[in-house]
Amino acid sequence: MMYTFYEQTIFLGQFILLGMFIAIISDTFNIIFMKKKWYHIILEIILWFILIVFSSLFIIKINDGYLPLYFFIFFLVGYMLYIKLLQKKYYHTWECIKKQKERIIDIVFPIELFSYIYNKLKKIYLSIKKNIHEKLVNKKRKKLKQEN
Numbered sequence: 185m186m187y188t189f190y191e192q193t194i195f196l197g198q199f200i201l202l203g204m205f206i207a208i209i210s211d212t213f214n215i216i217f218m219k220k221k222w223y224h225i226i227l228e229i230i231l232w233f234i235l236i237v238f239s240s241l242f243i244i245k246i247n248d249g250y251l252p253l254y255f256f257i258f259f260l261v262g263y264m265l266y267i268k269l270l271q272k273k274y275y276h277t278w279e280c281i282k283k284q285k286e287r288i289i290d291i292v293f294p295i296e297l298f299s300y301i302y303n304k305l306k307k308i309y310l311s312i313k314k315n316i317h318e319k320l321v322n323k324k325r326k327k328l329k330q331e332n
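For what it's worth, our numbering labels the leading residue of the sequence shown as 185, then goes sequentially.
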């Protein structure tokens, strides 16, 4: 199947974006799981397996499996563009998020909300406990009445 120059240009742009996307996902994974432990290697293998499946499905969906060699070149161009132009800014953004983590958590999960939920759950628990206790006491009373 022959694609027009316009369609191939769109494919190239999509492959550049795919390369940038995979680089961002890889960096995000490495930022989140910085510690080099045994499970990090297993998780990284799983991540790359998922990325390979995602990329394959992307290729099949975008251009029906048509994959000329220069698409890989543009995939690598996208990866390199991210590394050269955006990676430092991306890491800087993550550092800012880490510094502001407590503030962000306070905004997303305010302490007032948790205290409200805690108080409501406590009331529900006490109510259930009281009902169960009353039922048990009533059962014992009935048994005592039946025995007498």
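Beta carbons are placed, not taken as given, at the ideal position from N, Cα and C, and that holds for glycine.
Model, not experiment: these values are computed from the prediction.
| query | result |
| --- | --- |
| Where Gln192 sits in the DSSP three-state scheme | helix |
| Distance CB(Ile243)-CB(Leu251) smaller than 9 Å | yes |
| Rounded straight-line distance, which links the Cα of Gln192 to that of Lys282 | 41 Å |
| Where the alpha helix (DSSP H) through Asp248 begins and ends | From DSSP, Asp248 is part of no alpha helix (DSSP H); its letter is neither H nor E. |
| Segment limits, alpha helix (DSSP H) that includes Tyr171 | The shown model of the chain, from 185 to 332, leaves out residue 171, and the question about it has no answer. |
| Anticipated Cβ contact below 8 Å, Ile208 with Tyr309, distance rounded | About 44 Å; that fails the 8 Å criterion. |
| Whole-angstrom C-beta distance between Phe205 and Glu228, which should lie under 8 Å | Glu228 to Phe205, Cβ: 17 Å. No contact. |
| C-alpha gap between Leu260 and Phe293, whole angstroms | 40 Å |
| C-beta atoms of Leu241 and Ser210 nearer than 9 Å | no |
| Assigned secondary structure, Lys219 (DSSP; H/G/I helix, E/B strand, else coil) | coil |
| Alpha-carbon to alpha-carbon, Glu296 and Lys326 | 45 Å |
| Leu201 versus Leu305: straight-line alpha-carbon distance, rounded | 47 Å |
| Cβ separation of His224 and Phe233, assumed to be a contact under 8 Å, to the nearest whole Å | Not a contact, Cβ separation roughly 15 Å. |
| Nearest-angstrom Cα separation, counted from Glu279 out to Leu270 | 14 Å |
| Three-way DSSP call (helix, strand, coil) for Met186 in this model | coil |
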